[in-house]
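See below for the structure under consideration.
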Amino acid sequence: AMLRSFHFLGGMLRETGAALEKLGCATTGNMGAIDFLTRHRSVMTMYDKEPRVGKNVFVAPTAALQGDVNIGDGTSVWYGASVRGDANLVSIGRNSNIQDNAVIHCTNPRESAPTTVGNHVTVGHGAVLQQCTVEDEVIVGMGSRLMPGVYVEKHALIAAGAVVEKGTRVPAGQLWGGNPARFLRNLTDAERGTFGNHAKEYQSLASQHSGEVNKSWTEIVASRVQPYSVNDRDLEHEKKLGIVPDEVRKMW
């Protein structure tokens with residue numbers, strides 16, 4: 016009982032001190048009282064290798080770029096994703112999107128082949144890419160696995176949950192799925208034409224997230240005080256999601 020009392024008292028004193036620190040900073044107009052919730056670094060050097068990040072790249076706060084990594088202009092790496100270049104080079108082209116919880120890395124430092132992802136590529140949520148090559152305008156579905164030595168040609172689609180076995184080559188314009196993955200059918204011209212649109216939509220979405228993530232402390236406080244107006248919403252983006260503007264106004 017005595018130990019519990021001291022533990023409770025100690026916690027209360029620490030919380031009171033932290034609250035007084037914030038109150039003092041706010042009273043003096045200093046927004047410098049920041050709670051450091053994590054020591055996570057989105058971009059981290061490994062050994063002598065440092066990630067190289069292009070222009071207009073969005074790296075989510077909980078994503079991780081580690082070691083010998085090259086990210087092209089306009090690409091986005093989303094929440095919980097890991098791009099790990101500790102064993103070999105991982106190169107991702109322009110305007111691609113590496114979605115939430117995806118993992119891209121190399122498995123064997125003694126092998127010369129890096130992991131390469133081309134331009135305008137969509138890597139779905141939870142996908143894993145290991146020491147493989149993905150050409151331009153490819154969609155890698157959610158939860159799929161590309162094992163070492165896999166080569167995916169342009170305009171191919173890897174279905175969600177597919178496991179592409181080691182050394183497999185997926186020809187251009189084909190849909191592959193299953194475990195182990197196999198050829199299902201050829202994609203139509205209309206289907207292939209939509210691949211670039213996926214990348215553009217994620218570019219637009221990334222710019223919105225980047226604006227929110229990069230807000231200053233003063234802007235964050237102001238946004239909490241001021242009521243959120245429908246005029247502040249991106250109605251064009253919501254229209255793409257199937258939300259009609261009139262319905263949005265009714266909700267507010």
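So the mapping is simple: the numbering used here equals the position in the sequence shown, first residue as 1, plus 15. Every residue gets a Cβ at the ideal spot worked out from N, C-alpha and C, and that includes glycine. From a predicted model like this one, the values you see are computed outputs, not experimental measurements.
Among the bridge pairs identified by DSSP, Met59 is matched with Gln81. Per the coordinates, the alpha-carbon of Thr60 lies some 10 Å from the alpha-carbon of Val84.
DSSP, reduced to helix, strand and coil, places Leu35 within a helical segment of the structure shown. In this structure, Gly164 is the residue among Gly89, Arg160, Val143, Gly164 with its C-alpha nearest to the C-alpha of Pro129. For His213, the enclosing alpha helix (DSSP H) has its first and last residue at 210 to 228.
Cα atoms of Trp93 and Ala187: separation of roughly 27 Å, rounded to the nearest angstrom.
For Thr130, the enclosing beta strand (DSSP E) has its first and last residue at 130 to 132. As a beta-bridge residue in DSSP terms, Val118 pairs with Ser97, Val143. C-alpha of Val105 to C-alpha of Ile235: approximately 35 Å in a straight line. For the pair of segments examined, the stretch 213 to 225 was found not to touch the stretch 171 to 179: the number of CB pairs separated by less than 8 Å stays below three. Between the C-alpha atoms of Thr90 and Leu24 there is a straight-line separation of about 49 Å.
The three-state reading of DSSP puts Arg29 in helix, counting H, G and I together.
Between Gly100 and Asn134, the C-beta gap is not smaller than 8 Å, which leaves the two residues out of contact. Straight-line spacing of the CA atoms in Leu172 and Trp191 works out to 6 Å. With contacts defined as CB atoms closer than 8 Å, Val153 and Ile119 fail to qualify as a contacting pair.
C-alpha of Gly226 to C-alpha of Asp63: approximately 31 Å in a straight line.
Shown here for Thr131: same chain residues with a beta carbon closer than 6 Å to its own, the five before and five after excluded, namely Ser106, Thr148 in chain order. Taking Gly141 as the centre and dropping the five residues before and after it, the same chain places the C-beta of Asn116, Ala117, Met157, Gly158 closer than 7 Å to its C-beta, in chain order.
Cβ contact annotation for Val136 (same chain, cutoff 6 Å, sequence separation greater than five): Ser111, Val149, Val153, in chain order. Note on Phe21: under 16 other CB atoms within 10 angstroms of its CB, so exposed under the neighbour-count rule.
Residue pairing of Trp191 in beta bridges, as defined by DSSP: Ile173, Phe198.
Going by C-alpha positions, Leu38 is about 24 Å away from Val228.
Among the bridge pairs identified by DSSP, Phe73 is matched with Ser91.
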